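In full-length UniProt numbering, the protein residues as written are 1 to 363.
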């Protein structure tokens, strides 16, 4: 058996479709992927592989274009960050599929198309860049995607050489799992587009930018992912965010605690849970989660911010000033920290020092 991944060149169609603004336009990129079946392959697997390869190559073409956009070049982003944001936000759709070759050596071909609204993408990147969680999740998703591709290629190589039926079945089960996880990563892009509109820097409800239908669709995608892969910690964490935005705090807490059970050493889940508990008035529990995050990631100034704001919500000005003063000192000149976060910290410290606070609340 000969495996051919992503044969045929990339056709890049650079067409300005609807000028949504004087500076924005929609660019279209197309690419083809293919897979030649061997005796141990199924047509369903071949189609999934061809589709994944076509989408991957279309995305690579789109990423190469995004890297040269002036709006993106002006952002202080590394090449890996640009790649991660683009991979997380740009969806590719299948536009055609066909079978070629012979009955003995059939080839499944798929063509995919990716579209970029240049003005919208730059704004989405700016919004996600404000969130440490978005940066880390998208970079983790990119790394996972690359690892899954390598796993897929290794399993396909093993499958092509294997003669034992029991081992063939075992390899195909593993391959199905890898393909499902790759497809889940593709599905997650719908969620990132929604969250890029709504904001991910906190649990604030910026629902004016997002329709209830979009939130429902994002929740459906994530619910499907965690049903198929209960240990998908990143999906549980994002699902918690969606639930909180729609007011379902109980399910939000459940999903966050599940993500912590799966990946207890990820500080972002503890930060998220701390934020949620603070917003629910459970200040002692919130501080406990934030201190766990601080132990896992010492020296992270944003944790100081969340601790300070939690103490402020509990009317403890001593803790408020201590944590927020340190946060402001450590983030001075850091343009990756949202301006709104620093402004909130300044106002909280000023209020405490001016005595503009109610009596301290008992925890």
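Think of the CB as a built atom: it goes at the ideal place given N, C-alpha and C, for glycine as much as any other residue.
Only a predicted model underlies this, so the values are computations on that prediction, with no experimental measurement involved.
Reduced DSSP secondary structure (H/G/I, E/B, other) of residue i
i           : result
residue 297 : coil
residue 115 : strand
residue 90  : coil
residue 212 : helix
residue 22  : Interpretation of residue 22 is limited by its pLDDT of 41, a score under 50 that renders its predicted location unreliable; no figure is taken from the coordinates.
residue 36  : strand
residue 332 : coil
residue 45  : helix
residue 95  : strand
residue 81  : helix
residue 314 : coil
residue 204 : Caution applies to residue 204, whose pLDDT of 48 falls short of 50 and renders its modelled position unreliable; the model cannot decide the point.
residue 30  : strand
residue 319 : helix
residue 355 : coil
residue 67  : coil
residue 341 : helix
residue 188 : helix
Neighbourhood of residue i by C-beta, 7 Å cutoff - its chain only, sequence neighbours within 5 removed
i           : result
residue 252 : 240, 243, 244 and 276
residue 348 : 308, 309, 312, 320 and 324
residue 106 : 37 and 99
residue 331 : 301, 337 and 342
residue 215 : 194, 242, 245 and 246
residue 258 : 236
residue 226 : 232, 235, 236 and 239
Proximity of residue i and residue j at Cβ, strictly below 8 Å
i           : j           : result
residue 32  : residue 54  : yes
residue 125 : residue 72  : yes
residue 115 : residue 30  : no
residue 90  : residue 62  : yes
residue 47  : residue 108 : yes
residue 273 : residue 256 : yes
residue 375 : residue 250 : The chain is shown only over 1 to 363; residue 375 falls outside these bounds and no answer can be derived.
residue 283 : residue 314 : yes
residue 218 : residue 142 : no
residue 267 : residue 293 : yes
residue 110 : residue 59  : no
residue 196 : residue 228 : no
residue 160 : residue 40  : yes
residue 122 : residue 69  : yes
residue 260 : residue 231 : no
Close beta carbons around residue i, own chain, < 6 Å, minus the five adjacent residues each side
i           : result
residue 304 : 323, 326 and 327
residue 309 : none
residue 52  : 182
residue 120 : none
residue 352 : 317, 320 and 321
residue 355 : none
residue 67  : 82
residue 75  : none
Other residues of its chain near residue i: CB distance less than 8 Å, five sequence neighbours each side excluded
i           : result
residue 165 : none
residue 345 : 305, 308, 309, 324, 327 and 328
residue 155 : 171, 174, 175 and 178
residue 278 : 286, 306, 309, 310 and 313
residue 168 : 40, 159 and 162
For the 8 Å Cβ check, are there 3 or more pairs between the stretch 214-222 and the stretch 187-199? yes
Runs of alpha helix (DSSP H) lying entirely within the stretch 99-185, each at least 4 residues, in chain order: Runs found: 118-129 and 132-161.
Are there three or more Cβ pairs, one per stretch, closer than 8 Å when the stretch 147-166 is compared with the stretch 97-107? no
Output the residue ranges of the alpha helix (DSSP H) runs that lie fully inside the stretch 214-294 and measure 4 residues or longer, sorted by chain position. 233-245, 249-262 and 267-279
Under 8 Å: do the stretch 129-145 and the stretch 81-89 share three or more Cβ pairs, one atom per stretch? yes
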